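S.K.: All residue numbers for the sequence shown refer to our numbering, where the first residue is 150 and numbers rise by one.
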Amino acid sequence: MWSSLYVAVPTHTRRDARARPTLNHSIGFAVLQEEATSDDSAPDHARPMDIRSATPEDLRDIQDLLRAVDLPAEDLTPAHLAHFLVGRDGRRLVGVVGMEPTGDGALLRSLAVRPAHQGEGDGTRLLEAMETQARHGDVEMLYLLTTSAAPFFRRRGYATMERDALPAAIQQTKEASRLCPASATCMRKPLTSRERD
Numbered sequence: 150m151w152s153s154l155y156v157a158v159p160t161h162t163r164r165d166a167r168a169r170p171t172l173n174h175s176i177g178f179a180v181l182q183e184e185a186t187s188d189d190s191a192p193d194h195a196r197p198m199d200i201r202s203a204t205p206e207d208l209r210d211i212q213d214l215l216r217a218v219d220l221p222a223e224d225l226t227p228a229h230l231a232h233f234l235v236g237r238d239g240r241r242l243v244g245v246v247g248m249e250p251t252g253d254g255a256l257l258r259s260l261a262v263r264p265a266h267q268g269e270g271d272g273t274r275l276l277e278a279m280e281t282q283a284r285h286g287d288v289e290m291l292y293l294l295t296t297s298a299a300p301f302f303r304r305r306g307y308a309t310m311e312r313d314a315l316p317a318a319i320q321q322t323k324e325a326s327r328l329c330p331a332s333a334t335c336m337r338k339p340l341t342s343r344e345r346d
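See the structure below:
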């Protein structure tokens, strides 16, 4: 059974106002790398990000964000949003993450953070919130496909696997079967201790 998740997450980071964010694009995920500058005089700041379950009212904002970071949005429907989380800073959408559950596994998808907020850990917080949601929904394994964010996910416990080893139900999702290129890296992360052994 899926339940709503609402978390207030403070961000405590140093961000140089002159840091130039560069975006690595991948099908399904947008990951930021921030180029550091030599000036460390930027003040510390805290910005809350509220993470909650997506609603149909969020659909347009989600699609706009995914398009802004060159991720697929055309396949998203209100039905998908039952398994999506959004992060908001007040009324503004900061980030999004979703999954497509299939049996005891799920395809993690559409992890994206608005460029102005990238490099502050919001993507990691969204990912962790989705993993928590998945565990509460009895998902035992998360799978994903990415063209450039494998290092980001590897640092967060995901391991590379052969694409043909994906469960058939995951392979049949639109994301896996049509939207992600054959060159995408396939990864997985067990969410239960039984799967980790």
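C-beta: ideal position from N, C-alpha, C; glycine also.
On a predicted model such as this, the values are computed, not experimentally measured, just so you know.
May I ask you to report which of helix, strand or coil DSSP gives P264?
M.R.: The answer is helix: DSSP assigns P264 an H, G or I state.
S.K.: Tell me, please, whether the region 268-276 touches the region 248-255 by the rule of three or more beta-carbon pairs shorter than 8 angstroms.
M.R.: Cβ pair count under 8 angstroms is below three, so no.
S.K.: Ignore the nearest five residues each way along the sequence and tell me which others in S326's own chain have a CB closer than 8 angstroms to its CB.
M.R.: Hits under 8 angstroms: Q320.
S.K.: Roughly how many angstroms separate the alpha carbons of L234 and P300, rounded to a whole number?
M.R.: Approximately 23 angstroms, taken between the alpha carbons.
S.K.: Which partner residues of C335 appear in the DSSP bridge assignment?
M.R.: Answer by DSSP bridge pairing, in chain order: L294, M310.
S.K.: If you follow the alpha helix (DSSP H) that T281 is in, where does it begin and where does it stop?
M.R.: Per DSSP, T281 belongs to the alpha helix (DSSP H) from 271-285.
S.K.: What residues in its chain sit with their C-beta under 6 angstroms from that of D224, if we drop five residues either side in the sequence?
M.R.: Correct list, in chain order: K323.
S.K.: Do you know offhand how far R312's Cα is from R216's?
M.R.: Straight-line Cα distance between these residues: approximately 26 angstroms.
S.K.: Could you check where the beta strand (DSSP E) with L208 kicks off and where it finishes?
M.R.: L208 -> not in any beta strand (DSSP E); alpha helix (DSSP H) instead, spanning 208-217.
S.K.: By Cβ distance, which residues of its chain are closer than 7 angstroms to R337, with the 5 residues on each side in sequence left out?
M.R.: So the qualifying residues of the chain are M290, L291, Y292, Y307, A308, M310.
S.K.: Can you tell which of P339, D199, S297, F302 has the C-alpha that lies nearest to the C-alpha of D238?
M.R.: Residue D199 is the option with its Cα nearest to D238.
S.K.: Would L328 pass as a contact of P227 if the rule is Cβ separation under 8 angstroms?
M.R.: No, the Cβ-Cβ distance between L328 and P227 is not below 8 angstroms.
S.K.: Alpha carbon to alpha carbon, what distance is there between A318 and D207?
M.R.: Taking the straight line from one Cα to the other gives about 27 angstroms.
S.K.: Output the boundary residues of the beta strand (DSSP E) element that contains R241.
M.R.: R241 -> beta strand (DSSP E) spans 241-251.
S.K.: Mind reading off the beta-carbon distance from L242 to P205? Whole number of angstroms is fine, and I expect it under 8 angstroms.
M.R.: Wrong, their Cβ atoms sit about 14 angstroms apart, outside the cutoff.
S.K.: Within 10 Å of its beta-carbon, does S332 have 16 or more other beta-carbons around it, so buried, or fewer, so exposed?
M.R.: Counting Cβ neighbours within 10 Å, S332 comes out exposed, since fewer than 16 surround it.
S.K.: Between the beta-carbon of D213 and the beta-carbon of D253, is there less than 8 angstroms?
M.R.: No.
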